[in-house]
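Chains A and B, in that order, give the protein sequences.
For the first sequence, position 52 (counting from the first letter as 1) is numbered 64 according to the numbering used here, and the numbering increases by one without interruption.
For the second sequence, position 257 (counting from the first letter as 1) is numbered 337 according to the numbering used here, and the numbering increases by one without interruption.
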Amino acid sequence: MKSLKLTDQRSKSDAETGLKIHPINPFQSLTDADIWKAIKSGDQKALSYIYERHLNDLFRFGCQFTQNRDLIKDCIQDVFIAIGYKDSNSSVSSIKSYLFKSLYREIIRRLKRDGRSKELQEGSFEVELDIESSMVLKDHHREKLAKVQSGLKALSPKQRQVILHYYYDGLTYDEIAQVMGIQHKNTVAKLMSRAIEMLKQITISVILVLFSTF
Amino acid sequence: MVKYEHYDVWDFVKDEYFLSWVRYGDPEAEKFWKKWLTHYPHKEEDILLARSIASGMQYASDDAPSEKESIEMFETIVKGRQKVQTQKQITISQYIMRYAAVLILGVGMIAFYMYSSQESTPIVEEAPVKWIQKENPRGMKSTIWLSDGTKVRLNAETVISYPEQFSNSLREVIVEGEAFFEVKRNETKPFIVKSNGVETRVLGTSFNVKAYTGAGRVEVGVTEGKVRVTGSGLGEQSAMDLLPNQMSVINLETHRMEKVSFDPAETLAWRDWTLRFKKKTLKDIFHEIERWYAVDIEVGSTIDLNQSYSGVFENEPLDAVLKVLAHNAEFSFTINDNKVKIK
Chain A
13 MKSLKLTDQR SKSDAETGLK IHPINPFQSL TDADIWKAIK SGDQKALSYI
63 YERHLNDLFR FGCQFTQNRD LIKDCIQDVF IAIGYKDSNS SVSSIKSYLF
113 KSLYREIIRR LKRDGRSKEL QEGSFEVELD IESSMVLKDH HREKLAKVQS
163 GLKALSPKQR QVILHYYYDG LTYDEIAQVM GIQHKNTVAK LMSRAIEMLK
213 QITISVILVL FSTF
Chain B
81 MVKYEHYDVW DFVKDEYFLS WVRYGDPEAE KFWKKWLTHY PHKEEDILLA
131 RSIASGMQYA SDDAPSEKES IEMFETIVKG RQKVQTQKQI TISQYIMRYA
181 AVLILGVGMI AFYMYSSQES TPIVEEAPVK WIQKENPRGM KSTIWLSDGT
231 KVRLNAETVI SYPEQFSNSL REVIVEGEAF FEVKRNETKP FIVKSNGVET
281 RVLGTSFNVK AYTGAGRVEV GVTEGKVRVT GSGLGEQSAM DLLPNQMSVI
331 NLETHRMEKV SFDPAETLAW RDWTLRFKKK TLKDIFHEIE RWYAVDIEVG
381 STIDLNQSYS GVFENEPLDA VLKVLAHNAE FSFTINDNKV KIK
C-alpha cells in the first residue's frame, strides 16, 4: 500500500519526510492547465508524466466499481487515448478529477455496450485507517484510532467516497463534486461534515460505553 | 491563533489549514502549526491524533497494475493516440470540404445541400450559451416561461438555471428546490432537468421535481405523459420510467431509487397556494411552514416532533395555521416578526 503512494508527489511520505521521491521533472512545476495544453499539442513526455502519476490512483478508483481487472485496464487506456481528442475545446483545470470522471464514464459505457451492466457495482470505497505507520505510539492513542477505524465501516458508501477523495486523493470539494456528478460543492461539504460528525459520535459513544462498564 | 484554542480532534481533522500541513506539507502551514503548538502544548495529543486520522485514511483495496502491465498499457495508449491522430487529420479535411461547401453557398444553394447531406455527423461549434438564474427566497413562489414555451412553477427556496436559448439538440435546466414543469412537446429536443445528481428526461409532459439541498433525497412525480429518471453515479441500472401518478424517490445517501404512487392533490398542493399535509410529522410540517411563510421556528424540548398530522390550509395566514396545529398538538406559540417560538 505504501509503495503505491510514492507516485503521488503530494502523498504523506513526502509531507512527513520532506523527501522528493520523483527525480526533478520539468512538469512538476507546471499547472494542470499547462500540462493539459502540452499533452494536446502532442508532447509525449507530458502524457507519460500524468500517466505515471495517476495510473495507480485511477486503477484503484476503477476497482471500486468492478472487479474485472482487464476491463479497468482497457478503460484506462481509452481514457488516455481520448485526451485532447474528445472535448477538444475544453481546457482542464484539474487533471486528476477529469481522469476519474472519464474512467467512471468509460467503465459504464463499456459494460453497457457489452450488455453487462449487471457487473457494475455500487462504488464500494472501503476505507482503512493506516494505524501501523502512524506516528502515534501510545497505546491509548492506538485504541482511539482503532475506534475511528471501526466507525468508518458505519458510513455510507457515498460518505466513504468523499472521505477517500478528500483525504487520500487530495481532491477539492469542487473536484469531488465533478467526479461524483454532484451539482454543487456544498452538497459534498455536507456529506463530508455529516460523515465526520458520525465518526465523532461513534468514537465518543464507544468511549462512554467503555467507561460505564467499569 | 486563538481561533484554534477550543478545537477538538475532529475540528482539526476538518480544518483546511491543518490539512495543508499534515496532508500536503505546506511549509508556511508547518511553520504556523509548530509555533502554535509551543503556545498550546496541552493540545499536542489532539494534534497527533488528528494528524494520524487525516493522513491515515486510505483505500482498503490494494490492487495495482504490475510494472509489466503498466508498460504494456502505455504502449497501447501511444499507439492508440497515433491512430486517432490520423483519423483526426481525415476529419480536418472533411472540415475543409464543409467550408468549401459554405463558399459554394454564395454561388448556389444546391451545391450546399449536396455537401452537407454527405456529412454524416456535422460538427457544429455552438456559440457560448448565456445562462439565466432565477431564485425564489423563502415565502415566495413564482411562474416562469422558458424560450421553448415550457411553463415552470417554482416553489419557495428554489433556484433554477437555464440557458437563454436552448441548444439545437436538447433543452437542459438545473433545479435546486421544488418546481412543477409543463413541458412543451418537442420530439427532437428532449427536455432534461438536473437536480442534485438526478436527471429527469422527457419529451413533453407535466411533472414535479423536489430536490431541496440537504434533504438527502430527490422526488420526481409525474402527472401527465412519460418521464425517465436517471441517477448519475449509478449508471444505466438506475434509470426508471414513470407514468402518471407515479413518483420516483431517490435516496442520495444510499443511492437507492424507489417507485411509489403519489397523490397529486397532496404533492402538488403548493402550486395552488394550498398547504397540505397527509400524515406528516410535526418536524416536516414545521419545516414546510418555515419555507412557506419565511419564518424561523424554534421548538421547545417538550414537544414530540415525531407525532404526525394531516390538514389542508388554503391560503391561510400563518397564525391561523399555527392555531389549528397548536390546538391539536397541544402546544402554545408566539410570533415575533419572522421568529416563531413553540412551547
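Built from N, CA and C at the ideal position, the CB exists for glycine as well.
- Annotation: Cβ neighbours of Asp143 of chain B in chain A (cutoff 8 Å, chain order): Phe71, Arg72, Cys75, Arg81.
- Ranking B:Asn266, B:Ser286, B:Ala291 by CA distance to the CA of Val239 of chain B puts B:Ala291 first.
- Here Trp48 of chain A is near Val104 of chain A, since their CB atoms are less than 8 Å apart.
- Trp90 of chain B belongs to the set of residues whose beta carbon lies under 8 Å from a beta carbon in chain A.
- The residues Asp44, Ile62, in chain order, have a CB closer than 6 Å to that of Ile107 of chain A in the same chain once the five nearest residues on each side in sequence are set aside.
- Against Asn276 of chain B, the close residues of chain A are Ile194, Gln195, His196, Thr199, in the order they occur along the chain (beta-carbon pairs closer than 9 Å).
- Residue range 89-94 is occupied by the alpha helix (DSSP H) that includes Phe92 of chain B.
- Classified as exposed, Trp353 of chain B has fewer than 16 neighbouring CB atoms from the shown chains inside 10 Å of its CB.
- Chain A has no Cβ within less than 8 Å of the Cβ of Leu405 of chain B.
- Nearest to Val164 of chain B by alpha-carbon distance, out of A:Gln171, A:Phe39, A:Gly163, A:Lys52, is A:Lys52.
- Counting the other Cβ atoms within 10 Å of the Cβ of Thr285 of chain B gives 16 or more, which makes it buried.
- Under the three-state reduction of DSSP, Asp126 of chain A is assigned to coil, being neither helix nor strand.
- Excluding sequence positions up to five before and after Ala58 of chain A, its CB lies within less than 8 Å of the CB of Phe39, Ile47, Ala50, Ile51, all in the same chain and listed in chain order.
- Contact annotation: in the stretch 120-139 of chain A, residues whose CB is within less than 7 Å of a CB in chain B are Ile120, Lys124, Ser129, Leu132, Glu134, Glu138, Val139.
- Counting every other CB atom within 10 Å of its CB across the protein chains shown gives Gly229 of chain B a total below 16, marking it as exposed.
- Rounded to whole angstroms, the gap between the alpha carbons of Asp126 of chain A and Leu83 of chain A is 11 Å.
- The Cβ atoms of Val329 of chain B and Arg297 of chain B sit closer than 8 Å to each other.
- For Arg218 of chain B, the CB contacts under 6 Å within the same chain, skipping 5 residues up- and downstream, are Ala236, Glu237, Arg371, Ala374 in chain order.
- At a Cβ-Cβ threshold of 8 Å, Ile188 of chain A and Tyr178 of chain A count as neighbours.
- Residues Tyr373 of the same chain have their beta carbon placed closer than 6 Å to that of Leu398 of chain B, with the five preceding and five following residues left out of the count.
- Among the residues facing chain B, Asp151 of chain A is not included, as its CB has no counterpart in that chain under 8 Å away.
- About 18 Å separates the Cβ atoms of Leu203 of chain A and Val160 of chain A, ruling out a contact at the 8 Å cut-off.
- The stretch 165-176 of chain A and the stretch 150-163 of chain B do not touch, with fewer than three beta-carbon pairs separated by less than 8 Å.
- Per the DSSP secondary-structure output, Gln326 of chain B pairs in a beta bridge with B:Ser341.
- Among the residues of chain B, none has a CB under 8 Å from the CB of Phe39 of chain A; the nearest is roughly 16 Å distant.
- For Val160 of chain A, a Cβ of chain B is located within less than 8 Å of the residue's own Cβ.
- Interface with chain B (8 Å Cβ-Cβ cutoff): Gly163 of chain A is excluded.
- Cα atoms of Gln133 of chain A and Arg121 of chain A: separation of roughly 14 Å, rounded to the nearest angstrom.
- Residue-level contact check: Ile188 of chain A does not touch chain B, since none of the beta carbons of chain B fall below 8 Å from its beta carbon.
- If you check the CB distance, Leu164 of chain A and Arg172 of chain A come in under 8 Å.
- Burial state of Lys403 of chain B is exposed, judged by a 10 Å Cβ sphere holding fewer than 16 other Cβ atoms.
- Our two residues, Leu123 of chain A and Phe393 of chain B, have alpha carbons roughly 50 Å apart in a direct line.
- Distances from the alpha-carbon of Leu332 of chain B to those of B:Lys339, B:Gly294, B:Lys360, B:Glu304 put B:Gly294 closest.
- Under DSSP, Phe413 of chain B takes part in a beta bridge, and its partners are B:Ile422.
- One thing to note: Leu141 of chain A has its Cβ no nearer than 8 Å to the Cβ of Phe73 of chain A.
- Chain B places a beta carbon closer than 8 Å to that of Ser168 of chain A, counting this residue as a contact.
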